[in-house]
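Numbered by mature numbering (1 follows the signal peptide of the UniProt record, and there is no 0), the letters in the sequence shown go through residues -19 to -1, 1 to 315 in order. Report on the structure given below.
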Amino acid sequence: MKLSAAFVALLGLVPFAVAQQAVYGQCGGIGWTGPTTCDAGSTCVVSNSYYSQCLPSSAAPSGGGGGGGGSPTSTASGGGSTSTVGLNSAAKAAGKKYFGTASDYSEFSTDAAYKAILDDTTEFGQLSPLNSMKWDATEPEQGTFTFTAANEIVSQAQANGQIMRDAWDVINEPFNDDGTWRSDVFYNTLGTSYVSIGLNSARTADPSAKLYINDYNIENTGAKATSMLNLVQSLKADGVPIDGVGFQGHFIVGEVSTSMSTVMEQMTALGVEVAVTELDIRMTLPSTSALLAQQKTDYDTAISQCKSVAGCVGATVWDFTDKACVLLDSAKSF
C-alpha cells in the first residue's frame, strides 16, 4: 500500500516527492516495489512507514535512512536540526481547526500499519466515514438498521480525541453543473423545500452539530457556485440553520481551480464557514514524473487556497492511501 504523495506538501511545511529515484522521488515505504536508491546528490529519507523520498543531500535531515519505516521529518528553519511536522499539526499552526482524512472500519480493522497512521493525531485531527454512515449502510432494508461500522469509526475518533465529521449528507450535491436543481427523490417529491426540511430536522435531532451543504464543482466561479451562494443567502434570510458549505475538491491533475478561494470568501461573507471536504487529485495511470510533479503543484494550489481564507476551517483528504481511493478505477480508465 502506497501512502498518497500529496500529504507531504501540506501548507509548504513538509517535503514532497515528485519523481521516482530522481531527486524528490519515492524511494521506499511499505509495499513499495520501485527503486530504493537515489540519484547522486540526494539521499533516501523516511517520511513515514508508507513513504520515503529522495531529498537533496544538503536538505536531507541528518540520520535519514532508507526506505523502511520511521517517523515523518522535515528540516527545521535555521540550525540544521530536524523536527516532526504532522499534517494536522501544520494545519493548526496555520490557524485551522484540523487536517483530516476519510476512512472506514473495513480499513483500520484489518490493517495495523494503516491504523497506526490513522491514530496519529499529529497527522489527522478529524475523521470522516467514507460510507459507513450513509443510508444504504445504516438501513440496508427499510426498517432494518445496523450501526456497527458507524459506531466503530466514532469510537476510533473518540479514542484519539479526533473530530468526527459526518455532516455533509444532510444536504449533498443539490445542484447540476449548470446551476439547476438536481433531480432526485427529495426534490421531485418536495421541491426546494427539502433543503430547509432536512436542515431543520437535523438541527432538532442534534442542536450542537455543524450543518453543512456539500457539493463538487463549486470550486470554480460560475453557474453552480452562484446557485449555491444564492441558496445559502436565502436560507440565512429565512432563518434556516446552516453553518457551512463543503467544497468537495475532487480534482484532476492539471485542472485544479485557482478561483476556489474567491468562492470561499463569497460564502464566508454570508456568515457561514467553509471546508475542503473530500480532497483528491487523480491522474492518468500509470503515473509519470511529470504527472507527479504537477500533482504536487495542484495539491499546493488547493491547500494554499484554504489556508488563505480565514473562514476555511480545514481540509479533509478522501483517504490517505491510493489503496483506498474511491476514484482509483476512474483514474485507471481516465
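Cβ atoms here follow ideal geometry from the backbone N, Cα and C, with glycine treated the same way.
{"query": "Entirely enclosed beta strand (DSSP E) segments - the stretch 122 to 205, minimum 3 residues", "result": "193 to 196"}
{"query": "Three or more C-beta pairs below 8 Å linking the stretch 165 to 185 and the stretch 130 to 139", "result": "no"}
{"query": "Range covered by the alpha helix (DSSP H) that runs through Q276", "result": "270 to 289"}
{"query": "Backbone secondary structure at A208 - three-state DSSP", "result": "Note that residue 208 corresponds to Ser in the displayed sequence, not to Ala. Three-state result, S208: helix."}
{"query": "Contacting residues, own chain, Cβ-Cβ under 8 Å from S38 (five flanking each side not counted)", "result": "G22, S23, T24"}
{"query": "Collapsed DSSP secondary structure at A94 in the structure displayed", "result": "helix"}
{"query": "Backbone secondary structure at S113 - three-state DSSP", "result": "coil"}
{"query": "Buried/exposed call for P110, threshold 16 Cβ in 10 Å", "result": "buried"}
{"query": "First and last residue of the uninterrupted beta strand (DSSP E) at A71", "result": "Per DSSP, A71 belongs to no beta strand (DSSP E); it is in the alpha helix (DSSP H), 68 to 74."}
{"query": "Residue of I262, W299, G106, L180 minimising C-alpha distance to V226", "result": "L180"}
{"query": "Segment contact, 8 Å Cβ cut-off, at least three pairs: the stretch 202 to 212 with the stretch 254 to 273", "result": "no"}
{"query": "Counterpart residues of V237 in DSSP-defined beta bridges", "result": "For V237, which the question treats as bridged, DSSP gives no partner whatsoever."}
{"query": "Cβ pair count under 8 Å reaching 3, the stretch 156 to 165 against the stretch 182 to 194", "result": "no"}
{"query": "Three-state secondary structure assigned by DSSP to T265", "result": "coil"}
{"query": "Coil, strand or helix - A218 by DSSP", "result": "helix"}
{"query": "Residues near T102 by beta carbon distance below 7 Å, same chain, minus five either side", "result": "N69, N141, G142, Q143"}
{"query": "Assigned secondary structure, V253 (DSSP; H/G/I helix, E/B strand, else coil)", "result": "coil"}
{"query": "CB contact flag (V221, S177, <8 Å)", "result": "yes"}
{"query": "Beta-bridge partners of V298, as assigned by DSSP", "result": "T82, L260"}
{"query": "Buried or exposed by the 16-neighbour rule on C-beta atoms within 10 Å, applied to residue 321", "result": "Because the chain is modelled from -19 through 315, residue 321 falls outside the range shown and cannot be assessed."}
{"query": "Proximal residues to D100 (C-beta, below 6 Å), its chain only, five neighbours per side dropped", "result": "N141"}
{"query": "C-beta contact flag for T249 and V290 at 8 Å", "result": "yes"}
{"query": "Cα-Cα separation, P16 to C8", "result": "6 Å"}
{"query": "Endpoints, beta strand (DSSP E) assigned at S33", "result": "32 to 37"}
{"query": "Beta-carbon proximity list for D126, same chain, < 7 Å, skipping 5 on both sides", "result": "In the sequence as displayed, the identity of residue 126 is Phe instead of Asp. T119, E120."}
{"query": "Assigned secondary structure, F228 (DSSP; H/G/I helix, E/B strand, else coil)", "result": "strand"}
{"query": "Cβ neighbour criterion (16 or more within 10 Å) applied to G60", "result": "For G60, the predicted structure reports a pLDDT of 34, less than 50, and the residue's modelled location is therefore unreliable. A value from the coordinates is still provided. The residue is exposed, with fewer than 16 neighbouring Cβ atoms inside 10 Å."}
{"query": "Distance between beta carbons of Y175 and H231, contact taken as under 8 Å", "result": "Their Cβ separation, rounded to whole angstroms, is 24 Å, which puts H231 and Y175 out of contact at 8 Å."}
{"query": "Residue(s) in a DSSP beta bridge with Q7", "result": "Q34"}
{"query": "Beta-carbon gap between K205 and D158 smaller than 8 Å", "result": "yes"}
{"query": "Residues bridged to C293 [DSSP beta-bridge criterion]", "result": "V255"}
{"query": "Pairwise C-alpha distance: G235 and P267", "result": "16 Å"}
{"query": "Three-way DSSP call (helix, strand, coil) for T119 in this model", "result": "helix"}
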